[in-house]
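Student: Residues 180 to 359 (the working numbering) are what the sequence shown spells out, left to right.
Glycine included, each C-beta is placed from N, C-alpha and C at the ideal position.
Only a predicted model underlies this, so the values are computations on that prediction, with no experimental measurement involved.
Submitted below is the structure of interest, expressed as structure tokens.
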Amino acid sequence: MESEKGTLRPFSLRTTLNSDVFLATTAALTLCLLIRVVARRIRPLSERRKLLVFALSPRTRRQWWLKSVIVLCACVAEESAYRGVAWQILSYSTGQHMWSAVICSAAFAFAHWVQGWISILMIYLLAVVMHGLVEYTNSLLPAMLVHGIFDFIAIALISKEASQYRQNDSLLDLRQATHE
């Protein structure tokens, strides 16, 4: 949908929890998790093991607590910045609501460039899903909720996988030491 230049498309930090919002939020989370599964499957294991997210995965309770605070802040700040403020400013300035979402999604994806190209593509698709959710619900809250839940699930899975890598590396080191 295109808007006239200079027209704001309202969104809110409030939402009415009804079956449509619940289903849209659930569908968005499911789609985001499916995108993650596909991205994970197309990334080779050798490349996946080298990702910075594995080195930064929480190991201790304190690290989990700090990571939780970061996730909560990030889901509010990033959704507000990209799906809220930036999208509104671009839509208002250009009159191109859909293209503004495309640009904001690309900016959001490239803000995560350190995670590599496959992650950039995955995050772009996640951002498009979030824009659709905000558009459908006229609220940032469902997108913030999906973003937070997605990040917590991803961090838990990454942390588990990183732990397995560390264990396997320790076993490999032990085997190599016994053969020397």
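1) Using a 10 Å radius around the Cβ and a threshold of 16 neighbouring Cβ atoms, would you call residue 254 buried or exposed?
2) Only counting runs of 4 or more residues, tell me where the alpha helix (DSSP H) segments fall wholly within the region 194-257, in order along the chain.
3) Quick one: what's got a C-beta closer than 7 Å to residue 344's C-beta in the same chain, skipping five residues either side?
4) With residue 291 and residue 282 assumed to form a contact (beta carbons below 8 Å), what rounded beta-carbon distance in angstroms separates them?
5) Count the other CB atoms within 10 Å of the CB of residue 211; is the residue buried (16 or more) or exposed (fewer)?
6) Could you check what DSSP says for residue 276 in three-state terms: helix, strand or coil?
7) Should residue 360 go down as buried or exposed, given a rule of 16 or more other Cβ atoms within 10 Å for buried?
8) Can you give me the Cβ contacts of residue 315 inside the same chain, cut-off strictly under 6 Å, excluding the 5 residues immediately before and after it?
9) Compute the Euclidean distance between the alpha carbons of residue 249 and residue 335, then round it to the nearest angstrom.
10) From 317, 318, 312, 302, pick the residue whose C-alpha is nearest to that of residue 214; which is it?
11) Would you decide whether residue 269 is buried or exposed? Buried here means 16 or more other CB atoms lie within 10 Å of its CB.
12) Whole angstroms are fine: how far does the CA of residue 238 sit from the CA of residue 247?
13) Which same chain residues end up closer than 7 Å to residue 284 when comparing Cβ atoms and leaving out the 5 residues on each side of it in sequence?
14) Which same chain residues end up closer than 8 Å to residue 231 when comparing Cβ atoms and leaving out the 5 residues on each side of it in sequence?
Tutor: Answer, in terms of the structure:
1) That one is buried.
2) Within the region 194-257, the complete alpha helix (DSSP H) runs of at least 4 residues are 198-221, 224-228, 231-234, 240-257.
3) Residues 228, 233 of the same chain have their beta carbon placed closer than 7 Å to that of residue 344, with the five preceding and five following residues left out of the count.
4) Not quite, the Cβ-Cβ distance comes to about 16 Å (not below 8 Å), so this is no contact.
5) Flag for residue 211 reads buried.
6) Looking at residue 276 - three-state DSSP - the assignment turns out to be helix.
7) In the structure as shown, the chain starts at 180 and stops at 359, and residue 360 therefore has no counterpart that could be examined.
8) Cβ within range, chain order: 203.
9) One C-alpha to the other measures close to 14 Å.
10) Taking only the C-alpha atoms, the option nearest residue 214 is 302.
11) Burial call: buried.
12) The straight-line gap from Cα to Cα measures roughly 13 Å.
13) Beyond the five residues adjoining it in sequence on each side, residue 284 comes within less than 7 Å, by CB distance, of 303, 306, 307, 310 in the same chain, given in chain order.
14) Contacts found: 293, 294.
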